[in-house]
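K.L.:
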Amino acid sequence: MTADATSSARASMAKLYRAPEPEVLKPLLDSAALSPDSRGRVLGHASGLLADLRAAQTRGWVNQFLQEYRLNSSEGVALLSLAEAFLRVPDPETADLLIADKLGDADWRAHTGESNSSLVNIATWGLVVGRALVGEGEGGPLRRLISRAGEPFVRQAVGAAMRMMGEIFVMGRTIAEAMDRMKKPENRGFTASFDMLGEAARTVEDAARYFNAYTDAIDAVGRDPAAGHSISVKLSALHPRYEVTQYDRCVPELTAMLEALAVQAAGKGIALTVDAEESERLEMSLDIIGAVAALPSLKGWDGFGMAVQSYGKRARVVVDWANNLGRLMNVRLVKGAYWDSEIKRTQVEGLSDYPLFTRKAATDVSYLAVARDMLAAKNIRPAFASHNALTVATLLEWAGDNRDFEFQRLHGMGEGLYERLVREQGYHCRIYAPVGGHRDLLAYLVRRLLENGANSSFVHQLADERLTEAEILADPVEKIAAVGGARHPSIPLPIDLFGDRKNSSGIDLSDRQVLAKTAASVAAMPSVTVEKVDVAAAITRAQAAFPGWSAMPVDERAAILERLADLLEANRDELMAICVQEAFKTIPDAIGEVREAADFCRYYAQQARSGLQSIELPGPTGERNTLHLDGRGVWATVAPWNFPLAIFLGQTAAALVAGNSVVAKPAPQTPKIAATAVRLAHQAGVPEDVLILAPGGPEVGAVLTADPRIMGVAFTGSTATAKKIARTLLEDDARPIVPLIAETGGINAMIVDSTALPEQVVMDVVTSSFRSAGQRCSALRLLLVQEDVADSIIKMLDGAMDLLVLGDPADPRTDIGPVIDQAAYDKLMAYRESMKARIVKTVDAPARGLFVPPTLIRLDAIEDLQAEWFGPILHVATWPAGKLADTIRRVNAKGYGLTMGLHSRIARAGEVMEAEARVGNLYVNRSMIGAIVGSQPFGGEGLSGTGPKAGGPHYLYRFVAERSVSTDTTSAGGNATLLSLDEGGI
Numbered sequence: 002m003t004a005d006a007t008s009s010a011r012a013s014m015a016k017l018y019r020a021p022e023p024e025v026l027k028p029l030l031d032s033a034a035l036s037p038d039s040r041g042r043v044l045g046h047a048s049g050l051l052a053d054l055r056a057a058q059t060r061g062w063v064n065q066f067l068q069e070y071r072l073n074s075s076e077g078v079a080l081l082s083l084a085e086a087f088l089r090v091p092d093p094e095t096a097d098l099l100i101a102d103k104l105g106d107a108d109w110r111a112h113t114g115e116s117n118s119s120l121v122n123i124a125t126w127g128l129v130v131g132r133a134l135v136g137e138g139e140g141g142p143l144r145r146l147i148s149r150a151g152e153p154f155v156r157q158a159v160g161a162a163m164r165m166m167g168e169i170f171v172m173g174r175t176i177a178e179a180m181d182r183m184k185k186p187e188n189r190g191f192t193a194s195f196d197m198l199g200e201a202a203r204t205v206e207d208a209a210r211y212f213n214a215y216t217d218a219i220d221a222v223g224r225d226p227a228a229g230h231s232i233s234v235k236l237s238a239l240h241p242r243y244e245v246t247q248y249d250r251c252v253p254e255l256t257a258m259l260e261a262l263a264v265q266a267a268g269k270g271i272a273l274t275v276d277a278e279e280s281e282r283l284e285m286s287l288d289i290i291g292a293v294a295a296l297p298s299l300k301g302w303d304g305f306g307m308a309v310q311s312y313g314k315r316a317r318v319v320v321d322w323a324n325n326l327g328r329l330m331n332v333r334l335v336k337g338a339y340w341d342s343e344i345k346r347t348q349v350e351g352l353s354d355y356p357l358f359t360r361k362a363a364t365d366v367s368y369l370a371v372a373r374d375m376l377a378a379k380n381i382r383p384a385f386a387s388h389n390a391l392t393v394a395t396l397l398e399w400a401g402d403n404r405d406f407e408f409q410r411l412h413g414m415g416e417g418l419y420e421r422l423v424r425e426q427g428y429h430c431r432i433y434a435p436v437g438g439h440r441d442l443l444a445y446l447v448r449r450l451l452e453n454g455a456n457s458s459f460v461h462q463l464a465d466e467r468l469t470e471a472e473i474l475a476d477p478v479e480k481i482a483a484v485g486g487a488r489h490p491s492i493p494l495p496i497d498l499f500g501d502r503k504n505s506s507g508i509d510l511s512d513r514q515v516l517a518k519t520a521a522s523v524a525a526m527p528s529v530t531v532e533k534v535d536v537a538a539a540i541t542r543a544q545a546a547f548p549g550w551s552a553m554p555v556d557e558r559a560a561i562l563e564r565l566a567d568l569l570e571a572n573r574d575e576l577m578a579i580c581v582q583e584a585f586k587t588i589p590d591a592i593g594e595v596r597e598a599a600d601f602c603r604y605y606a607q608q609a610r611s612g613l614q615s616i617e618l619p620g621p622t623g624e625r626n627t628l629h630l631d632g633r634g635v636w637a638t639v640a641p642w643n644f645p646l647a648i649f650l651g652q653t654a655a656a657l658v659a660g661n662s663v664v665a666k667p668a669p670q671t672p673k674i675a676a677t678a679v680r681l682a683h684q685a686g687v688p689e690d691v692l693i694l695a696p697g698g699p700e701v702g703a704v705l706t707a708d709p710r711i712m713g714v715a716f717t718g719s720t721a722t723a724k725k726i727a728r729t730l731l732e733d734d735a736r737p738i739v740p741l742i743a744e745t746g747g748i749n750a751m752i753v754d755s756t757a758l759p760e761q762v763v764m765d766v767v768t769s770s771f772r773s774a775g776q777r778c779s780a781l782r783l784l785l786v787q788e789d790v791a792d793s794i795i796k797m798l799d800g801a802m803d804l805l806v807l808g809d810p811a812d813p814r815t816d817i818g819p820v821i822d823q824a825a826y827d828k829l830m831a832y833r834e835s836m837k838a839r840i841v842k843t844v845d846a847p848a849r850g851l852f853v854p855p856t857l858i859r860l861d862a863i864e865d866l867q868a869e870w871f872g873p874i875l876h877v878a879t880w881p882a883g884k885l886a887d888t889i890r891r892v893n894a895k896g897y898g899l900t901m902g903l904h905s906r907i908a909r910a911g912e913v914m915e916a917e918a919r920v921g922n923l924y925v926n927r928s929m930i931g932a933i934v935g936s937q938p939f940g941g942e943g944l945s946g947t948g949p950k951a952g953g954p955h956y957l958y959r960f961v962a963e964r965s966v967s968t969d970t971t972s973a974g975g976n977a978t979l980l981s982l983d984e985g986g987i
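The opening position of the sequence shown corresponds to residue 2 in the numbering used here, with each subsequent residue numbered one higher.
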């Protein structure tokens, strides 16, 4: 290994990771450019390849199917959704609902007889019949004719169609079947790279199963090494915690597993390639690949390889790194497979920039530049994976007479592009061939179709008859140069996600250096002074300060909140350290805490500017009518310990910007973070008497809320305390009637049907139930799984719970820290003991500290759970197929109404949930925690709160008094407005 060169490459990767797009593309444009003469030859060659591709489209069932049902049509989306879910549904009732949901609204008749393929037309006719069966009312003639016998008929027909699609995109259900299929005439001259199909492992059992599948595949392929086939390996399939925070655990284990597979492959004389994955895993992947590449036991074996994704900004330097490993490396260059999820993750995490290019043409430029480097590299044997005729023609131009490289294509895609090159011109092409049962292929299938069928992709453009050949073969270098390499205008940087309002900044914990620095910064508690106050005296001061603050223009109060948001981010390390040390928040939760507090400040500032200005109202001539929104007086804000910064400041900032003065009481467990927030608010410009901290326990809250000078209370905490405050505010008949904003907890349920993707369900259940040690008001308390899939879901959840790490919240490896105090610990542990006979899963917890073990408790019925247990305790029960609405009503009957979740691939199930659920926040096919300010306003109903929702457009209005003024403008004599009118244009 050339240490200096690889070290330099790694340093360059760090700089390029989230660098501005134009800056990264500038040097790539020169490398990707063609000379005018070359461009002419490339276009001529590409035109011939295009003709071959189009000819193949008339032959291949899948090509015609994709052409007929494009992804930008409702029919294409329906088929994709149906294919994603249908084969994993075990019960006929839900299968029928899924078919009706996906086939019922699309216009299948418009496609009848339109394709040149009889098979496509037969499939379309089946869909027309299916649509008639599921879409007609009971009185429809076809429905009457077939009656109930039609549903099994449609179910079987759809199942057969889905399996047919599976056969098209999966080479074989077993490695033996796949190898036999490669011997068929249509694959003559091609070799294969077999991928033992499967998504990322969620459990240790998953990882072991995938590892065994790889070893079996290497054995099978190795029996005939002369055939030239190889194996592709996905590292995320081999370890369920392949994450940067778990580096010390997963990288050594994965290195050992990859070594074993590589040694086995070398012994069999076949090649092995490590697939590329999400950008945050790249550095770990390189550490693993580099370690295996350097093994003496593999010296002399030229079969080791890796994939590189050209949509990543670091792709070029990764190839340079591979070229300097001191051995021959097979490098497969691909466009990239995780584009949409990478874009979303960057936005959600509030990171500085994207790790990949935001335009398809920019990815093409990167691909060409990197490919050119690969052709010139001494220690790389290139493999170019592409279905793009222009890309292939360009590479052929650059390669000249060189044949020491190969092309690659996906099985089921790009047919016709390479056949002539392989069989007549001596080029080599390898088919990337997924292997596995059709049930396992579904998520993979969807990703491939989305990637290759998206509007901007070459495959889709090829199928679009409206596009000319010139448009299809347009030069990506010219396209990108024309826009100066600028980012796509519809994909803003995360900081600009909300338009006029600045988004909060996150921390890139996928960068190990940043992670280590962050961990060091939160390791100790900063020095914070918390001073007690006399509550009555504090209210007196706040009352005296109210008139001046209320008279300040709204714009000035809003500007102070925005300065406070900036100060929060400037002091992020200190605030995070207090959150970790005082509230036992893990590092990701501490980041989220600061971000949410900053978002509240900026959001309420924006809302105040637009919504709290005086407005003119319509009325008869001769009078002026105005509505003013003014502060009410002194507000008491009472915050919880579980969000000691975000909720503390969110409630307080809303009251302040509305023109009120505030006496703010933090939870007794978390006064230091509140004191720091108040200090920063004063630094931002809030006068000291306008915002006063009143630390203490329940006795302070009682005195505060009982004082008749308090003109409103914003409270977050338990339902019992909220009711006590409500009674206090009404006890004194002489006291004004004042508003109470209360946000309390809930028995939050997630309902899962048999169409849901189990891996996604388990990931979201673990996040929703156990993150923050279950100490979120939104946390999942009751998991309701359709009985047909309950055992398999619970089994996978069992394995996922085994992987949770309990420990010091300042340690980046920690998933779950301790609960907040001894009282909480004792209450939760006593409940666990009382339910001991019903515990179906728990995990070990550290002996020292207030650690409550994550626990899964099986219930006989929904009604068995009567109370909210505020910790890492999840209850599970089942519900029968076809009873979704009834199940939702049974949850509603508990009287709480905070959050509810649904996992289903049936769109109409979401509609039923939306219509029936009596909750403030409903989450579909995602986790149930982490509401984003301005995007997911948060707050419940019933026993879960009063509303309005925090972080929503109606929240500030509860903090103001509405005052209308009507003035007769003619009282001084005459109606000047009427008297000054002209003749109205005549």
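Using N, Cα and C, we set each Cβ at its ideal position, and we do this for glycine too.
Starting from the Cα of residue 402, find the closest Cα among 540, 337 and 376 and give me that residue.
P.N.:
Taking the first residue of the sequence shown as position 1, residue 402 is located at position 401. With distances taken between Cα atoms, residue 402 lies closest to 376.
K.L.:
Ordered along the chain, which non-local residues of its own chain (more than five positions away) have a Cβ less than 6 angstroms from that of residue 1047?
P.N.:
Any question about residue 1047 goes unanswered here, given that the chain covers just 2 to 987.
K.L.:
Are three or more beta carbon pairs between the stretch 191 to 205 and the stretch 792 to 805 nearer than 8 angstroms?
P.N.:
Cβ pair count under 8 angstroms is three or more, so yes.
K.L.:
Can you give me the Cβ contacts of residue 26 inside the same chain, cut-off strictly under 8 angstroms, excluding the 5 residues immediately before and after it?
P.N.:
One-based indexing of the sequence shown puts residue 26 at position 25. So the qualifying residues of the chain are 358, 363, 366, 367, 481 and 486.
K.L.:
Does the beta-carbon of residue 22 have 16 or more other beta-carbons within 10 angstroms, so that it is buried, or is it exposed?
P.N.:
Looking up residue 22 in the sequence shown gives position 21. Buried, because 16 or more other Cβ atoms sit within 10 Å of the Cβ of residue 22.
K.L.:
At what residues does the alpha helix (DSSP H) containing residue 806 begin and finish?
P.N.:
Against the sequence shown, residue 806 aligns to sequence position 805. It is not in any alpha helix (DSSP H) - residue 806 carries neither H nor E in the DSSP assignment.
K.L.:
To the nearest angstrom, report how far apart residue 99 and residue 893 are at their CA atoms.
P.N.:
In the sequence shown, the residue the question calls residue 99 occupies position 98. In the sequence shown, the residue the question calls residue 893 occupies position 892. Taking the straight line joining both Cα atoms gives about 25 angstroms.
K.L.:
For residue 625, count the other beta carbons within 10 Å of its own beta carbon; 16 or more makes it buried, fewer makes it exposed. Which is it?
P.N.:
Walking along the sequence shown from the start, residue 625 turns up at place 624. Exposed: under 16 other Cβ atoms inside 10 Å.
K.L.:
Which of helix, strand or coil does DSSP assign to residue 987?
P.N.:
For the purposes of this step, residue 987 is taken as the residue at position 986 of the sequence shown. If DSSP states are grouped into helix, strand and coil, residue 987 belongs with coil.
K.L.:
Let me know the secondary structure DSSP gives residue 49 once reduced to three states.
P.N.:
On the sequence shown, residue 49 is found 48 positions in, with the first residue counted as 1. DSSP places residue 49 in helix when its eight states are reduced to three.
K.L.:
List the whole-angstrom C-beta distance separating residue 33 from residue 475, where the pair is believed to meet the contact cut-off of C-beta under 8 angstroms.
P.N.:
Against the sequence shown, residue 33 aligns to sequence position 32. Against the sequence shown, residue 475 aligns to sequence position 474. Wrong, their Cβ atoms sit about 14 angstroms apart, outside the cutoff.
K.L.:
Buried or exposed for residue 646, going by 16 or more other Cβ atoms inside 10 Å?
P.N.:
Residue mapping note: residue 646 aligns to position 645 of the sequence shown, counting from 1. The residue in question, residue 646, is buried, as its Cβ has 16 or more Cβ neighbours within 10 Å.
K.L.:
Taking contact to mean at least 3 C-beta pairs separated by less than 8 angstroms, is the stretch 674 to 690 in contact with the stretch 702 to 711?
P.N.:
Taking 8 angstroms as the limit for Cβ pairs, the verdict is that the stretch 702 to 711 does not touch the stretch 674 to 690.
K.L.:
Kindly list the residues whose CB is nearer than 7 angstroms to the CB of residue 967, restricted to its own chain and excluding five residues on each side of it in sequence; keep chain order.
P.N.:
Translated into the one-based positions of the sequence shown, residue 967 becomes position 966. Taken in chain order, the residues that qualify are 624 and 626.
K.L.:
By Cβ distance below 8 angstroms, which residues in the same chain neighbour residue 20 in space, the five residues on each side in sequence not counted?
P.N.:
Within the sequence shown, residue 20 is the residue found at index 19, counting from 1. 314 and 354.
K.L.:
Look at the alpha carbon of residue 509 and the alpha carbon of residue 237, and state the distance between them as a whole number of angstroms.
P.N.:
On the sequence shown, position 508 is the one that residue 509 refers to. On the sequence shown, position 236 is the one that residue 237 refers to. Each residue's Cα considered, the two are about 20 angstroms apart.
K.L.:
Give the DSSP-derived three-state secondary structure of residue 426 in the structure shown.
P.N.:
Within the sequence shown, the letter at position 425 stands for residue 426. The answer is helix: DSSP assigns residue 426 an H, G or I state.
K.L.:
To the nearest angstrom, how far is it from the Cα of residue 422 to the Cα of residue 397?
P.N.:
Looking up residue 422 in the sequence shown gives position 421. Looking up residue 397 in the sequence shown gives position 396. One C-alpha to the other measures close to 10 angstroms.
K.L.:
Helix, strand or coil for residue 477? Go by DSSP, reduced to three states.
P.N.:
Here the question's residue 477 lines up with position 476 in the sequence shown. Helix.
K.L.:
The beta strand (DSSP E) with residue 309 in it runs from where to where?
P.N.:
Against the sequence shown, residue 309 aligns to sequence position 308. Residue 309 -> beta strand (DSSP E) spans 305 to 310.
K.L.:
Pick out whichever of 701, 637, 470 and 567 has its Cα sitting closest to the Cα of residue 54.
P.N.:
Within the sequence shown, residue 54 is the residue found at index 53, counting from 1. Considering only alpha carbons, the answer is 470.
K.L.:
Considering only C-alpha positions, which residue in the set 775, 869, 156 and 663 is nearest to residue 539?
P.N.:
Residue numbering aside, residue 539 sits at position 538 when the sequence shown is read from its first letter. Comparing Cα-Cα distances from residue 539 to each of 775, 869, 156 and 663, the minimum goes to 663.
K.L.:
Return yes when the Cβ of residue 946 is within less than 7 angstroms of the Cβ of residue 743, no when it is not.
P.N.:
The count along the sequence shown starts at 1 and reaches residue 743 at position 742. The count along the sequence shown starts at 1 and reaches residue 946 at position 945. For residue 743 and residue 946, yes; Cβs fall inside 7 angstroms.
K.L.:
How would you label residue 157, buried or exposed, when you count the other beta carbons within 10 angstroms and need 16 or more for buried?
P.N.:
Working through the sequence shown from its first residue, we reach residue 157 at position 156. Result: exposed.
K.L.:
Along the chain, where does the alpha helix (DSSP H) containing residue 326 start, and where does it finish?
P.N.:
The residue you call residue 326 lines up with position 325 of the sequence shown. From DSSP, residue 326 is part of no alpha helix (DSSP H); its letter is neither H nor E.
K.L.:
Assuming residue 683 is part of the alpha helix (DSSP H), what are its boundary residues?
P.N.:
As a position in the sequence shown, residue 683 is number 682, starting the count at 1. Taken as a continuous stretch (DSSP letters only), the alpha helix (DSSP H) holding residue 683 covers 672 to 685.
K.L.:
Please classify residue 582: is it buried, with 16 or more other beta-carbons within 10 angstroms of its beta-carbon, or exposed?
P.N.:
Mapped onto the sequence shown, residue 582 falls at position 581. Residue 582 is buried by the Cβ-count criterion.
K.L.:
Just to confirm the assignment, what range does the alpha helix (DSSP H) spanning residue 653 have?
P.N.:
Stepping through the sequence shown from its first residue, residue 653 is reached at position 652. Start and end: 647 to 658.
K.L.:
If you draw a straight line from the alpha carbon of residue 696 to that of residue 586, how long is it in whole angstroms?
P.N.:
Indexing the sequence shown from 1 puts residue 696 at position 695. Indexing the sequence shown from 1 puts residue 586 at position 585. Each residue's Cα considered, the two are about 20 angstroms apart.
K.L.:
Compute the Euclidean distance between the alpha carbons of residue 214 and residue 171, then round it to the nearest angstrom.
P.N.:
Taking the sequence shown and counting its residues from 1, one reaches residue 214 at position 213. Taking the sequence shown and counting its residues from 1, one reaches residue 171 at position 170. Each residue's alpha carbon lies about 16 angstroms from the other.
K.L.:
In whole angstroms, give me the CA-to-CA distance for residue 791 and residue 177.
P.N.:
As a first step, residue 791 is located in the sequence shown; it is residue number 790 there, counting from the start. As a first step, residue 177 is located in the sequence shown; it is residue number 176 there, counting from the start. When rounded, the distance between both Cα atoms is 33 angstroms.
K.L.:
Output yes or no for whether 7 angstroms exceeds the beta carbon distance between residue 656 and residue 642.
P.N.:
One-based indexing of the sequence shown puts residue 656 at position 655. One-based indexing of the sequence shown puts residue 642 at position 641. Against a cut-off of 7 angstroms, the Cβ pair of residue 642 and residue 656 comes out as no contact.
K.L.:
Quick one: Cα of residue 566 to Cα of residue 935, how far?
P.N.:
For the purposes of this step, residue 566 is identified with residue 565 of the sequence shown, where counting begins at 1. For the purposes of this step, residue 935 is identified with residue 934 of the sequence shown, where counting begins at 1. Using only the alpha carbons, I get a separation of about 15 angstroms.
K.L.:
Identify which residue in 856, 492, 648 and 718 has its Cα closest to the Cα of residue 838.
P.N.:
As a working mapping, residue 838 is identified with position 837 in the sequence shown. Comparing Cα-Cα distances from residue 838 to each of 856, 492, 648 and 718, the minimum goes to 856.
K.L.:
For the alpha helix (DSSP H) containing residue 612, name the first residue and the last one.
P.N.:
Counting from 1 along the sequence shown, the entry for residue 612 is found at position 611. Run containing residue 612: 588 to 612, per the alpha helix (DSSP H) assignment.
K.L.:
Tell me the DSSP secondary structure of residue 221 in three-state form.
P.N.:
Taking the first residue of the sequence shown as position 1, residue 221 is located at position 220. Correct three-state label for residue 221: helix.
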